[in-house]
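*Asks:* Mind having a look at this structure? Questions to follow.
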Amino acid sequence: MIMWELTTGCKPFANVEHDHRLIYNIIDGVRPEITEDTPDHYANVMKRCWDSDPKKRPSAGEISNMCLNWYRQSNQAAELKRKELINSKKLGPKFSEKPHPKAIYTSRPISSYISKCSSIFSKCSSINSSNDYTSIEVVLDIDIESKSKLLGTKRKIEELLNDNSYENNGKYFI
């Protein structure tokens, strides 16, 4: 039923009441109609899944392998089509619409941009190599009192550890 819903975009049996009659109809083999645009290999798997004999239904692993093969085949087919278009020269700018000159993604020569960047870079390099420094004053909100208390406590501990007079049986008293 999930496969059918994926191909149609509709819920199965949405047009009938979901009651005991629907259950009996499904047991008797009533299934949603497979649409014409459903690929044959996909429709065949759906029909196998709907078989009233559970032994004839594919396992989850078998369905997984089939889906993986379909995925690979569709990628291979798409790649073959791309190669065919490339070889037939049906790809490229002469087959597309004429782009607007100010289109964002239009390819343009970038040599002028490169030379501008090079000149800017060389100016920056010459400024950095000279002794003219530009500094910016930055105001930082740092709690200096708590930092100095912490450093003071650290110094006291270090002094105590270095002072042998506080040593007693390999232990330090603070």
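Each residue of the sequence shown is one higher than the one before, starting from 1 at the first, in the UniProt record's numbering. Beta carbons: idealized from backbone N, C-alpha and C, even for Gly.
(1) Alpha carbon to alpha carbon, what distance is there between E33 and P39?
(2) Grab me the residues of R57's own chain with a C-beta within less than 7 Å of its C-beta, minus the 5 sequence neighbours each way, in chain order.
(3) Along the chain, where does the alpha helix (DSSP H) containing N49 start, and where does it finish?
(4) Pull up the distance between the alpha-carbon of residue 178 and that of S119, whole angstroms please.
(5) With G61 as the anchor, note down where its alpha helix (DSSP H) starts and where it stops.
(6) Taking N15 as the reference, which of R31, L80, L6 and S64 has the closest Cα?
(7) Can you tell me whether E17 is helix, strand or coil according to DSSP?
(8) So, with DSSP's three-state summary, where would you put I34?
(9) Compute the Euclidean distance between the alpha carbons of E5 and K11, then round it to the nearest angstrom.
(10) Note the first and the last residue of the continuous alpha helix (DSSP H) segment covering M3.
(11) In the structure shown, what three-state DSSP assignment does S52 receive?
(12) So what does DSSP say about R57, is it helix, strand or coil?
*Replies:* Once the coordinates are examined:
(1) In the sequence shown, counting from the first residue as 1, residue 39 sits at position 39. In the sequence shown, counting from the first residue as 1, residue 33 sits at position 33. Cα to Cα, P39 sits roughly 14 Å from E33.
(2) The residue labelled residue 57 in the question sits at position 57 within the sequence shown. Closer than 7 Å at the Cβ level, and outside the excluded window around R57, lie R48, C49 and D51.
(3) In the sequence shown, residue 49 corresponds to position 49, counting from 1. Here residue 49 turns out to be Cys, not Asn, going by the sequence shown. For C49, the enclosing alpha helix (DSSP H) starts and ends at D40 to C49.
(4) One cannot answer for residue 178 here, as it falls past the ends of the chain, which runs 1 to 174.
(5) Against the sequence shown, residue 61 aligns to sequence position 61. Unbroken alpha helix (DSSP H) run through G61: A60 to N87.
(6) Indexing the sequence shown from 1 puts residue 15 at position 15. With distances taken between Cα atoms, N15 lies closest to R31.
(7) Position 17 of the sequence shown, counting from 1, holds the residue named residue 17. In the displayed model, E17 falls within coil according to three-state DSSP, outside both helix and strand.
(8) Your numbering for residue 34 matches position 34 in the sequence shown. Three-state result, I34: coil.
(9) Working through the sequence shown from its first residue, we reach residue 5 at position 5. Working through the sequence shown from its first residue, we reach residue 11 at position 11. C-alpha separation (whole angstroms): 6 Å.
(10) Within the sequence shown, residue 3 is the residue found at index 3, counting from 1. Here the alpha helix (DSSP H) through M3 covers I2 to T8.
(11) In the sequence shown, residue 52 corresponds to position 52, counting from 1. Three-state DSSP puts S52 in coil, outside helix and strand.
(12) The residue given as residue 57 occupies position 57 in the sequence shown. The answer is coil: DSSP assigns R57 none of H, G, I, E or B.
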